[in-house]
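Residue 38 is where the sequence shown starts when you use the working numbering, and the numbers rise one by one after that.
Ideal Cβ placement from N, Cα and C applies to all residues, glycine included.
Fair warning: this is a prediction, and the values are worked out from it, not measured in the lab.
Only one structure is covered here, and it is reproduced in the block below.
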Amino acid sequence: MKKYVLATMMVFGSLYVTSQELPKEIRFNIELKQFDKAKDALDKYIADPKNTANPTATYYKAYVYSALARDPKKTTAESKALIDESFVAIKKYTELDPKAPLTKEESNSTLFNIYYLYYDLGIKLYNEKNFAESYNLFKNTLDVHDYGITNKLDGPNNLKFAVHDTDLIWNLAVLANELKKKDEAQIYYKKIADADLSDEKYVSAYEEMILKAKREKNAEQFAKYIASAKKHYPIDIPYWEMKEIEFALGDLEDEPLLNKYEELTKSLPNNYVVFYNYAIEIDKFLGTDASKGKDINAYKNKIEELYKKAVSIKSTLEGNLQLANLYYSKTFDLDERIAKIKGTKPAELKVKNDLIAESKANMLASIPYAEEAVKILGTYKEYKFADKSNYKLALEILGHAYKTSGNAAKLAEVEKKKIEVDKL
């Protein structure tokens, strides 16, 4: 957490002139910087009902209390109490005298010192692992900041409160999260994300806003923060797109789910997961009652198209094995139909020969995908049960394909590899 250098911008040279209406004891101790004595005298003076609403005394209470809060001999609790009182006093002063000549004369130095005092004390307690009190102090700091911004109060030498106090807001977000104050953390994360900041450490702010919008099903907010996250953190595009997919799909099922996947292929045309999962969901859909009366062949053709697109984006074991198995499985149905043709008439023989050619074409089509699956599996260092099963399936498909194509050499390699896989 960033530590500010405490401002010491009090305009001491003008204090004597502007405090003539105060008792000599108060003026004298302020001039000598004997702030403990000045505080006692001020407290006694203000305790008198006729002086309670005295603007000048109220201003100097803010000034003296903030000066005392900087005393290293003060305990943390004492310093905080002094800063609290100082802030209350400076606000009350401007209420008692809206023209606020004393704060104008000192260019709001007291207010800025209150801000820095709170902040530095917050840093001190953070370093001491007192997160709860550090959090409260940073909240106080933000109150001072917001008061200054709201009232357009600038400090000496063009010192200004940042419109968006990034370091402070981030400290609050981090601490609120640490303290399990989830709702409050969201407030500060939102401020960071709304400021459209791009530092790497702020990525969690965008993520929190995205997840919040997703939970609340707020499409407008979701789109806003997803766009910012993708702009600032392109390295995490796969993650952001996964959130887009999850948000889009929601609780959809059956054809509404498939229709939404179709939309996603347009908005996320290079996302492997969209195309792969779309194919998987179509396959699931075809096994349900909801698919009855639908164009099953069109859906089956769509599955092949989607797997091909998926592996063109990213060549994975799953994608290649799905395609290899898809072509391989087609030959089973074709072979059954071939076996049922017993006649020898020219028309029957033509149908049979066409089916044989189609079966062979599908078997050959499986080769590049089965080969890729075997290649990927060959890079594994360890094999789980599922990996071994996939390895055997890929080799089984390749064996049939090479046999169909008449490639004896490749078939021999596959048979040898099968023995090796059995020993894994």
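Got a sec, what are the start and stop residues for the alpha helix (DSSP H) Q71 sits in?
Walking along the sequence shown from the start, residue 71 turns up at place 34. Neither: Q71 is in no alpha helix (DSSP H) and is coded neither H nor E.
Distance, Cα to Cα, N120 vs I151?
Residue 120 sits at position 83 when you count from the first residue of the sequence shown. Residue 151 sits at position 114 when you count from the first residue of the sequence shown. The question names Asn, but residue 120 in the sequence shown is Ile. For I120 and I151, the distance between alpha carbons rounds to 6 Å.
Would you give the residue range spanned by the alpha helix (DSSP H) that Y163 belongs to?
Walking along the sequence shown from the start, residue 163 turns up at place 126. Annotation for Y163: the continuous alpha helix (DSSP H) segment containing it runs S146 to N164.
Out of curiosity, what's the CA-to-CA distance linking A232 and D134?
Here residue 232 is taken as the residue at index 195 of the sequence shown, counted from 1. Here residue 134 is taken as the residue at index 97 of the sequence shown, counted from 1. A232 and D134 have their C-alpha atoms some 35 Å from each other.
Kindly list the residues whose CB is nearer than 7 Å to the CB of A178, restricted to its own chain and excluding five residues on each side of it in sequence; keep chain order.
Within the sequence shown, the letter at position 141 stands for residue 178. Checking the sequence shown, residue 178 turns out to be Thr, not Ala. Excluding residues up to 5 positions away in sequence, Y152, Y155, Y156, G159 and L205 lie with their Cβ nearer than 7 Å to the Cβ of T178 in the same chain.
D291 and A335: beta carbons closer than 7 Å?
As a working mapping, residue 291 is identified with position 254 in the sequence shown. As a working mapping, residue 335 is identified with position 298 in the sequence shown. No, Cβ-Cβ distance for D291 and A335 is not below 7 Å.
Go ahead and label V451 buried or exposed: buried means 16 or more other beta carbons lie within 10 angstroms of its beta carbon, across all protein chains shown.
Here residue 451 is taken as the residue at index 414 of the sequence shown, counted from 1. Classification for V451: buried.
Find the nearest neighbour of N91 within the set E115, P60, S116 and A104, judged by alpha-carbon distance.
Within the sequence shown, residue 91 is the residue found at index 54, counting from 1. The candidate whose alpha carbon is nearest that of N91 is P60.
Which full runs of the alpha helix (DSSP H) of 4+ residues lie inside the stretch 207–240, going along the chain?
Fully contained in the stretch 207–240 are the following alpha helix (DSSP H) runs of length 4 or more, in chain order: 219–231.
Could you check whether Y184 and S171 sit closer than 7 Å to each other, using their CB atoms as the reference points?
Against the sequence shown, residue 171 aligns to sequence position 134. Against the sequence shown, residue 184 aligns to sequence position 147. Not in contact: S171 and Y184 (Cβ atoms no closer than 7 Å).
Examine the Cβ distances between the stretch 440–451 and the stretch 371–378 and report whether three or more of them are shorter than 8 Å.
Counting C-beta pairs with one atom in each stretch, the stretch 440–451 and the stretch 371–378 have fewer than three that are closer than 8 Å, which means they do not touch.
Which word fits K117, buried or exposed, when buried means at least 16 other C-beta atoms lie within 10 angstroms of its C-beta?
The residue given as residue 117 occupies position 80 in the sequence shown. Buried, because 16 or more other Cβ atoms sit within 10 Å of the Cβ of K117.
When the Cα of V101 is compared with those of L294, A75, L401 and A137, which residue comes out closest?
To locate residue 101, count along the sequence shown from 1; it is residue 64. Closest option to V101, Cα to Cα, is A75.
For the alpha helix (DSSP H) that D320 lies in, which residues bound it at each end?
Taking the first residue of the sequence shown as 1, we reach residue 320 at position 283. Its alpha helix (DSSP H) spans residues Y309 to F322.
Taking the straight line between their C-alpha atoms, what separation do you get for V42 and F149?
By 1-based counting over the sequence shown, the position of residue 42 is 5. By 1-based counting over the sequence shown, the position of residue 149 is 112. Residue confidence is low: V42 scores 38 on pLDDT, short of 50, so the model does not pin down where it sits. No coordinate-derived value is stated.
Only counting the same chain, and skipping five residues up and downstream in sequence, which positions put a Cβ closer than 8 Å to that of D180?
The residue you call residue 180 lines up with position 143 of the sequence shown. Cβ neighbours of D180 beyond the five flanking positions: F124.
Below 8 Å on the Cβ atoms is my contact criterion, and I expect L414 with A431 to pass it. Report the Cβ-Cβ distance as a whole number of Å.
One-based indexing of the sequence shown puts residue 414 at position 377. One-based indexing of the sequence shown puts residue 431 at position 394. 7 Å between Cβ atoms; contact.
Give the range of the alpha helix (DSSP H) segment to which E450 is assigned.
Position 413 of the sequence shown, counted from the first residue, corresponds to residue 450. It spans A445 to D459 - the alpha helix (DSSP H) in which E450 sits, taken as one unbroken run.
Rounded to the nearest angstrom, what separates K447 and A410 at their Cα positions?
Counting from 1 along the sequence shown, the entry for residue 447 is found at position 410. Counting from 1 along the sequence shown, the entry for residue 410 is found at position 373. Cα to Cα, K447 sits roughly 16 Å from A410.
Among S235, Y313 and L305, which one has its Cα closest to the Cα of S265?
Here residue 265 is taken as the residue at index 228 of the sequence shown, counted from 1. It is S235.
Could you check how far apart the C-beta atoms of N88 and Y82 are, in whole angstroms? I think they sit under 8 Å.
Translated into the one-based positions of the sequence shown, residue 88 becomes position 51. Translated into the one-based positions of the sequence shown, residue 82 becomes position 45. About 5 Å separates the two Cβ atoms, so the contact holds.
Would you list, in sequence order, the uninterrupted alpha helix (DSSP H) runs of no fewer than 4 residues that lie entirely inside the stretch 244–317?
256–269, 274–286 and 291–304
For Y344, count neighbouring C-beta atoms within 10 Å of its own C-beta (all shown protein chains included) and say buried if the count is 16 or more, exposed if not.
In the sequence shown, counting from the first residue as 1, residue 344 sits at position 307. Y344 comes out buried.
With 16 other CB atoms within 10 Å as the buried threshold, where does N357 fall?
Position 320 of the sequence shown, counted from the first residue, corresponds to residue 357. Flag for N357 reads buried.
Specify whether the stretch 397–407 and the stretch 419–427 touch according to this definition: at least 3 beta carbon pairs, one from each stretch, less than 8 Å apart.
At 8 Å Cβ cutoff, the stretches do not touch.
So what does DSSP say about F369, is it helix, strand or coil?
By one-based count along the sequence shown, residue 369 stands at place 332. F369: helix per DSSP, three-state reduction.
Let me know the secondary structure DSSP gives S442 once reduced to three states.
For the purposes of this step, residue 442 is taken as residue 405 along the sequence shown, with counting starting at 1. Residue state, collapsed to three classes: helix.
Can you tell which of S146, R64 and E122 has the C-alpha that lies nearest to the C-alpha of P193?
The residue given as residue 193 occupies position 156 in the sequence shown. With distances taken between Cα atoms, P193 lies closest to S146.
For F312 and F284, which I take to be in contact (beta-carbon distance under 8 Å), what is that distance rounded to the nearest angstrom?
Mapped onto the sequence shown, residue 312 falls at position 275. Mapped onto the sequence shown, residue 284 falls at position 247. The pair is not a contact, with the Cβ atoms about 18 Å apart (cut-off 8 Å).
Measure from the alpha carbon of A242 to the alpha carbon of each residue in F65, Y225 and K254, then state which is nearest.
For the purposes of this step, residue 242 is taken as the residue at position 205 of the sequence shown. Comparing Cα positions, the closest option is Y225.
Do L360 and Y315 have their C-beta atoms closer together than 7 Å?
Counting from one through the sequence shown, the residue named residue 360 turns up at place 323. Counting from one through the sequence shown, the residue named residue 315 turns up at place 278. Between L360 and Y315, the CB-CB gap reaches or exceeds 7 Å.
I think K261 touches W277, with their Cβ atoms under 8 Å apart; what is that distance to the nearest whole Å?
Looking up residue 261 in the sequence shown gives position 224. Looking up residue 277 in the sequence shown gives position 240. So it is not a contact: roughly 13 Å between Cβ atoms.
Can you give me the start and stop residues for the alpha helix (DSSP H) that K351 sits inside?
Position 314 of the sequence shown, counted from the start, is the residue given in the question as residue 351. First-last for K351: undefined, no H or E at that position.
On the premise that L209 lies in contact with F168, defined as a C-beta separation below 8 Å, what is that separation, rounded to the nearest angstrom?
As a first step, residue 168 must be located in the sequence shown, where it is residue number 131. As a first step, residue 209 must be located in the sequence shown, where it is residue number 172. In fact, because the Cβ distance is near 11 Å, the residues do not count as touching under 8 Å.
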